[in-house]
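So the protein sequences, as listed, match chains A and B.
When you line the first sequence up against the numbering used here, it's residues 356 to 677, in that order.
When you line the second sequence up against the numbering used here, it's residues 356 to 677, in that order.
Ideal Cβ positions, reconstructed from N, Cα and C, are used throughout, including at glycine.
Number of protein chains: 2
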Amino acid sequence: MSSEKLSETELIKRLFLPLARNYKGALNLGDDAALIPDHPGLDTVITTDCLVEGVHFLSTDPPAAVAARALRSNLSDLAAMGACPHVYTMAISIPGHIDIRWLEAFAAQLDTDQRAYNIHLAGGDTVATPGPLNISITAMGHVPTGSATARSGASPGDGIYVTGTIGDAALGLKLLTGQLSLSDDVARDFLIDRFHFPTARIETGITLREQATACADISDGLLRDLGNICTVSGCHAVIDWELVPLSPATKAVYENDNAYMELILSGGDDYELVLTGPEDLHGPFTRIGTMNSTENAKSPTTVRKNGEVLAYMKSSGYEHGW
Amino acid sequence: MSSEKLSETELIKRLFLPLARNYKGALNLGDDAALIPDHPGLDTVITTDCLVEGVHFLSTDPPAAVAARALRSNLSDLAAMGACPHVYTMAISIPGHIDIRWLEAFAAQLDTDQRAYNIHLAGGDTVATPGPLNISITAMGHVPTGSATARSGASPGDGIYVTGTIGDAALGLKLLTGQLSLSDDVARDFLIDRFHFPTARIETGITLREQATACADISDGLLRDLGNICTVSGCHAVIDWELVPLSPATKAVYENDNAYMELILSGGDDYELVLTGPEDLHGPFTRIGTMNSTENAKSPTTVRKNGEVLAYMKSSGYEHGW
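If you want it as structure tokens, here you go:
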């Protein structure tokens, strides 16, 4: 551990100012706020996600993974609405056990992600906390006026699709917490990597503006996020387990113990997109079911396995109570 | 304490959805992100401030005061740049000791402030934390394209002005922590109220777009925030203690013990505006000094008392180290 101590001003100058250098409106982080110039013809999409140490990530997670998940969980929200990333602000509450080397690795990954996703740090707030590390990012993106994809546009008859593969991140987290073990190191590393470094589906989201009737990102689990589309669209989703795309690693875990089906479908942290659209939609996604009317539906989503309707499956995903 | 328990979804629906009802782009908090329609001819000003329980406010502070400070510290940043408030997002990390009644009072004050400042909740994130209450608000406002007031425009010869009175909030905090006592209950209540319920100077900020050469809000103390204007503008500020506007309550504390001058000038949390402009600027603010060149200046700001230059005064304001 480094014993170097930096003031708030020095910390911002050393770690965060370089992340704002390429965005003129950040005003070199020297003002009270950032300035985003008028972008005629574009609507702004804005989203806020908060990650708390010990709740949304593990204290032992590498700083690069924490940075990637903090930023990409927001980018994934932009992707769901079809927005191009533009700028973000970050409020970070830093406890004493987080040292400068940890923060340097964290900032380095933000820099990498900024280049990969073409987004810039525009401002933020750096404060001390006696509690866990708390990272709150607000990301803004743009869509041509009136073209954002919402959750509310699905209709009965629409096909249901997902990008990528489902369930990997939830299994990765189980591996990290020791609740699951795998002898296959390649599979193990793959699943953990899917938890640590999710991919925000920006390009696909942009393509879908013209094609999807509804879209959401899968942060709280496929069944819950698809369920949210159903609730606001007034539809009932029927999906077939056999159609849900699984990675080889996840497939192997499931084949070894079928009980993992529930975690795969409701575990969360996938940051893939779930969308609805015409039955014959083609693109980098997989058809998993069909939207029906809500008539006689007992829950927002129904899962079938080998054509048989499964009994009610916990679909609430990750939820805290107060 | 209430024993009622709510899920995250229920909490958002009951407390935060009503705060978003009047903003169509909030999409009833039912989407992944909010949608801010194109506002042709307007630049967007965006700011993020984070408040941590036990760091930026006391656990014993009333929920209404916490809400007011969380939102108004951001509104004050908008005011400094001359922006009209538009929308905000809020990431709130809630510990177990904060109950539903506390949160209801918190949300009620946000509602009051939304009406007073004409701003709307557009989205956010509600999460659990094992640590202190952590509130991060990102506020957005609008200015006519190119008309935002920055910190960097001050020139030698400019007058230096402040709104309201200085030092009240810092003394209010001393009263709350028992480091200062006052027999005058009216003065005591006034100073605490200035800490709990600062006024964001939105109207004055809008007027100043055309008049001020530079502006900042006083969050970290007059000397530090004025010093930041000096640093980015390349000027040296000379202010006269006798000109600094004090409330009767603060004046009485100072007259009883002159050592409070330093706290008054550097204590922070005023959320007044400090600005520079022509020597004969008139408005709801008070002239406190003049901008000079940086030649022979040993620090960004110099304070004179009865015409005599005071020895170096701690002007760093509130700053943490890591």
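Can you name the residues of chain B whose CB is closer than 9 Å to the CB of residue i?
i: M436 (chain A); result: D386, D387, A388 and L390
i: P553 (chain A); result: Those do not exist, as P553 (chain A) stays about 14 Å from chain B at its closest Cβ, beyond 9 Å.
i: L370 (chain A); result: Correct list: empty, because the minimum Cβ distance to chain B is about 10 Å.
Starting from residue i, follow the beta strand (DSSP E) in both directions and report where the run begins and ends.
i: K660 (chain B); result: T656 to K660
i: T403 (chain B); result: L397 to V407
i: V593 (chain A); result: H591 to D595
i: M436 (chain B); result: Per DSSP, M436 (chain B) belongs to no beta strand (DSSP E) and is neither H nor E.
i: I643 (chain B); result: T641 to N647
i: V410 (chain A); result: Neither: V410 (chain A) is in no beta strand (DSSP E) and is coded neither H nor E.
i: G514 (chain B); result: G514 to V517
How about residue i and residue j: are their beta carbons less than 8 Å apart?
i: L546 (chain B); j: D523 (chain B); result: yes
i: V629 (chain A); j: A666 (chain A); result: no
i: R427 (chain A); j: Y626 (chain A); result: yes
i: D432 (chain A); j: D612 (chain B); result: no
i: I449 (chain A); j: T484 (chain A); result: yes
i: T444 (chain B); j: T493 (chain B); result: yes
i: D513 (chain A); j: T631 (chain A); result: yes
i: T504 (chain B); j: A435 (chain B); result: yes
i: S588 (chain A); j: S648 (chain A); result: no
i: T402 (chain B); j: N429 (chain B); result: yes
i: S502 (chain B); j: R564 (chain B); result: yes
i: A542 (chain B); j: L618 (chain B); result: no
i: A446 (chain B); j: S510 (chain B); result: no
i: P487 (chain B); j: G396 (chain B); result: no
i: D624 (chain B); j: L531 (chain B); result: no
i: D398 (chain B); j: D393 (chain A); result: yes
i: R424 (chain A); j: P603 (chain A); result: no
i: Q566 (chain B); j: L458 (chain B); result: no
i: L361 (chain B); j: I453 (chain B); result: no
Give the range of the alpha helix (DSSP H) segment to which residue i is assigned.
i: R564 (chain A); result: Element bounds for R564 (chain A): n/a, residue is neither H nor E.
i: H551 (chain B); result: D540 to H551
i: A494 (chain B); result: Element bounds for A494 (chain B): not the alpha helix (DSSP H) but the beta strand (DSSP E), N489 to P499.
i: T364 (chain B); result: E363 to L366
i: A607 (chain A); result: P603 to N611
i: G527 (chain B); result: D523 to L531
i: D480 (chain B); result: Looking at the DSSP string, D480 (chain B) is not in any alpha helix (DSSP H); the run it does join, the beta strand (DSSP E), is H475 to A483.
i: R456 (chain B); result: I455 to Y472
i: G759 (chain B); result: Nothing about residue 759 (chain B) can be reported from this structure: the residues present for chain B run from 356 to 677 only.
i: G582 (chain A); result: L577 to S588
i: Y626 (chain A); result: Run containing Y626 (chain A): none; DSSP gives neither H nor E here.
i: A375 (chain A); result: L372 to A375
Note down, in chain order, every chain B residue with its Cβ under 8 Å from the Cβ of residue i.
i: V421 (chain A); result: Within chain B, no residue comes near V421 (chain A); the closest Cβ sits about 15 Å away, beyond 8 Å.
i: D404 (chain A); result: A446 and D480
For a contact meaning CB atoms closer than 8 Å, what does residue i contact in chain A?
i: D416 (chain B); result: Under the 8 Å cutoff, chain A gives no residues; its nearest Cβ is about 16 Å from D416 (chain B).
i: I573 (chain B); result: None at all; the shortest Cβ gap to chain A is about 10 Å.
i: V599 (chain B); result: Neighbours of V599 (chain B) on chain A: none; closest Cβ ~21 Å, over 8 Å.
Which residues of chain B have a Cβ atom closer than 7 Å to the Cβ of residue i, listed in chain order?
i: G409 (chain A); result: P485
i: L382 (chain A); result: A505
i: I401 (chain A); result: A388, A389, I391, T444, A477 and G478
By the criterion of Cβ-Cβ separation under 7 Å, what are the contact partners of residue i in chain A?
i: L397 (chain B); result: D393
State yes or no: is the C-beta of residue i nearer than 7 Å to some heavy atom of the ligand MG?
i: D595 (chain B); result: Ligands displayed in this structure: none; no statement on the ligand MG is therefore possible.
Could you name the residues of chain A that residue i contacts, counting a contact when the two beta carbons are closer than 9 Å?
i: L433 (chain B); result: D387 and A388
i: V629 (chain B); result: Under the 9 Å cutoff, chain A gives no residues; its nearest Cβ is about 11 Å from V629 (chain B).
Task: Contact the stretch 631-645 of chain A vs the stretch 590-600 of chain A: 3+ CB pairs below 8 Å - done: yes
Open item on the list: Between the stretch 487-502 of chain A and the stretch 419-427 of chain B, can you find at least three pairs of beta-carbon atoms closer than 8 Å?
Closed with: no
TODO: Return the residues of the stretch 474-506 of chain A that lie within a Cβ-Cβ distance of less than 7 Å from chain B, sorted by chain order.
DONE: A477, G478, G479, D480, V482, A483, T484, P485, G486, P487, N489, S491, T493, T500, A503, A505 and R506
Task: the stretch 513-530 of chain A in contact with the stretch 626-642 of chain A per 3-pair CB rule at 8 Å - done: yes
Open item on the list: Any contact between the stretch 436-444 of chain B and the stretch 473-487 of chain B? By contact I mean 3 or more CB pairs, one from each, below 8 Å.
Closed with: yes
Task: Contact list for the stretch 444-455 of chain A against chain B, Cβ threshold 9 Å - done: T444, M445, A446, I447, S448, I449, P450, G451, I453, D454 and I455
Open item on the list: Measuring CB atoms only, is the stretch 571-587 of chain A touching the stretch 653-665 of chain A, in the sense that at least three cross pairs come out at less than 8 Å?
Closed with: yes
Task: the stretch 388-404 of chain A touching the stretch 363-373 of chain A, judged by at least three CB pairs closer than 8 Å - done: no
Task: Near-chain B residues of the stretch 507-523 of chain A (beta-carbon distance less than 8 Å), N- to C-terminal order - done: S507
- [ ] Check distances from the C-beta atoms of the stretch 584-614 of chain A to those of chain B and list, in chain order, the residues that come in under 9 Å.
- [x] T586 and V587
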